[in-house]
Amino acid sequence: MTHDEILQLGENLATRSLADLWSLSGRVAVVTGGARGIGLAIVRRLTEVGARVVMSDISQEALDAGMAQLSDAQRALVVTQPANVAKTEPLVALADRAKAISGKIDIWVNNAGIFPATGPVTATLDEAYERVIDVNLRGTFVACREAANRMERGGVIVNIASTAGLKGYQTIAAYTAAKHGVVGLTKAMAIELGGAGIRVVAVAPGGTETPGVVENREKMAGQGRAPASGSDMPLGRRCLPDDIARGVLFAASDMAAMVTGSVICVDGGTMA
Ligand SMILES: NC(=O)c1ccc[n+]([C@@H]2O[C@H](COP(=O)([O-])OP(=O)(O)OC[C@H]3O[C@@H](n4cnc5c(N)ncnc54)[C@H](O)[C@@H]3O)[C@@H](O)[C@H]2O)c1
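For the sequence shown, counting from 1, position 253 maps to 252 in numbering that gives the first Met the number 0; every step adds exactly one.
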């Protein structure tokens with residue numbers, strides 16, 4: 000590619016307004032695990048900038064509860080489809096449904112995840128390990144494949160990783176392994192798909208106050224174990240779902256047109 004050609008491609012972005020670069024008007028996005036927590040916050044932000052969203056989660060009941068928390072304006076841009084991400088068939092059906100809306104998928108956010116405290120590796124049962132890997136890593140792998148196969152130039156996959164995808168933590172080794180896998184998958188796919196103009200980005204949240212975390216905390220308290228306080232975050236508080244959603248919005252928008260294969264930490268400084 001010549002210098003002039005590079006300038007021309009770059010100029011196409013540099014001359015667009017910020018409002019236009021943030022806009023996802025007309026684009027179709029899929030969000031897994033979208034019914035609550037970080038996923039629901041992502042659905043809210045994507046619709047705010049005009050995306051049509053296929054909100055997916057484990058059951059229609061969960062999705063109905065999520066829909067009930069959206070405004071009328073948000074709901075008008077959202078359709079729901081249940082899909083257990085641990086299985087291939089529901090993910091294929093989800094991808095087909097999203098593609099049917101306008102002929103291609105523009106954005107796919109792999110957010111569905113579980114984070115049980117499986118205990119020290121020496122005491123972790125095969126079944127507990129496999130469940131975490133099936134949902135968090137296999138589910139992301141299969142969904143990435145199905146999404147990429149239905150994307151065109153400009154498509155974006157955003158994988159929700161974790162600071163546990165970048166460093167080790169005690170008692171959640173299966174989760175840590177799965178999230179490191181998600182980071183590796185993100186890098187590998189970014190390289191494979193770059194030539195097709197498809198970006199793959201990971202967003203790594205730090206500890207975030209979500210229904211799943213509150214449930215875990217209650218379970219741990221019941222077992223007499225101390226929950227994470229979050230006061231060790233340099234910014235002095237734990238993340239909220241919308242903190243993560245704004246990072247995802249950046250990754251998914253043309254603001255991040257030159258970002259791929261990266262891990263964007265939204266972690267209050269945890270990784271520092
Ligand atoms: N909350 C945190 O502190 C934190 C930190 C780092 C990363 N993350 C990641 O963020 C993502 C969202 O977590 P959250 O805290 O919002 O959790 P949450 O439990 O509040 O919400 C997760 C959603 O995923 C859905 N889900 C679970 N298993 C599923 C499956 N097999 N198929 C389809 N949907 C399924 C749940 O029904 C739920 O609606 C996860 O990938 C998690 O690992 C969370």
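For each residue, glycine too, the CB sits at the ideal point set by N, CA and C.
- Distance from the CA of K103 to the CA of M150, rounded to the nearest whole angstrom, comes to 6 Å.
- In this structure, P204 lies away from D253, with their beta-carbon atoms at least 8 Å apart.
- Shortest Cα-Cα distance from A82 to any of L12, V30, Y168 involves V30.
- A check of alpha carbon separations from R152 across A220, A195, A75, G33 identifies A195 as the nearest.
- Runs of beta strand (DSSP E) with 3 or more residues, each lying fully within the region 141-165, are found at 155-159, listed in chain order.
- In the structure shown, M0 falls within a coil segment according to DSSP collapsed to helix, strand and coil.
- Under a 10 Å Cβ-count criterion, T1 is classified as exposed, with fewer than 16 other Cβ atoms of the shown protein chains found around its own Cβ.
- Going by DSSP, R198 is part of the beta strand (DSSP E) stretching over 198-204.
- In the three-state reduction of the DSSP assignment, A127 falls in the helix class.
- Taking 7 Å as the cut-off, one finds no heavy atom of ligand 1 near enough to the beta carbon of P115.
- Fully enclosed alpha helix (DSSP H) runs of no fewer than 4 residues occupy 87-101 of the region 81-109, in order along the chain.
- Ranked by Cα distance from I197, the options D3, C238, A250, D241 are led by A250.
- M219 sits in a helix when the DSSP states are folded into three classes.
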